[in-house]
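**Q** Residue numbers (my numbering): 1 to 179.
Have a look at this one.
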């Protein structure tokens, strides 16, 4: 007689299953699987994976709904959740929603990372809002988490070149040196 032994699944196992169900079957199948998970299996990782599935499929309403559920739960929301939402909004052309996401991050004291700043700057540049790009850059220069700011400085230089504003008329430089 063969013995059957159950193995306990890890967060990674659930994440892989959600991702595979999306790829093999559909987002709906992954969503049904997620909903049937026990509460202790609904972790940051599984929520992030389902949110990623929605974002990849450009399902903004479902992503918004899931994001609200995450906010209402005891799940610790990190920058990755917000970046997923910002990436989704950019991909569907809802650039106006990025400022709402940034405001919420600031209100909840969630640190912006380099990717967040780059998304925000790209959205402002797409709408040719150069003043906002400058404001973001100055905010970023004051942020202790932006140690890789040079990438954004390069992006800003590209934006200036594209829009014909190669030099800032006030001080004839692209960016102000931080001494």
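C-beta atoms are modelled at their ideal positions from N, C-alpha and C, and glycine is treated no differently.
Note that the structure is a prediction, hence the values are computed from the model and not measured.
Going by beta carbon distance, what residues of the same chain come within less than 7 Å of residue 21, once the five residues before and after it are set aside?
**A** Within the same chain, residue 21 has close Cβ partners 29, 30, 33.
**Q** So what's residue 46 in DSSP terms, helix, strand or just coil?
**A** Residue 46 falls in the helix class under three-state DSSP.
**Q** If you draw a straight line from the C-alpha of residue 89 to the C-alpha of residue 56, how long is it?
**A** Each residue's alpha carbon lies about 11 Å from the other.
**Q** Under the rule that 16 or more other beta-carbon atoms within 10 Å means buried, what is residue 63, buried or exposed?
**A** Residue 63 is buried by the Cβ-count criterion.
**Q** Using a threshold of 9 Å, state whether the C-beta atoms of residue 61 and residue 15 are closer than that.
**A** It is not a contact, given that the beta carbons lie outside the stated cut-off.
**Q** By DSSP, does residue 177 sit in helix, in strand, or in coil?
**A** Caution applies to residue 177, whose pLDDT of 40 falls short of 50 and renders its modelled position unreliable; the model cannot decide the point.
**Q** Rounded to whole angstroms, how far is the Cβ of residue 83 from the Cβ of residue 116, which I believe are closer than 8 Å?
**A** Between residue 116 and residue 83 the Cβ distance is about 6 Å, and since that is below 8 Å, they are a contact.
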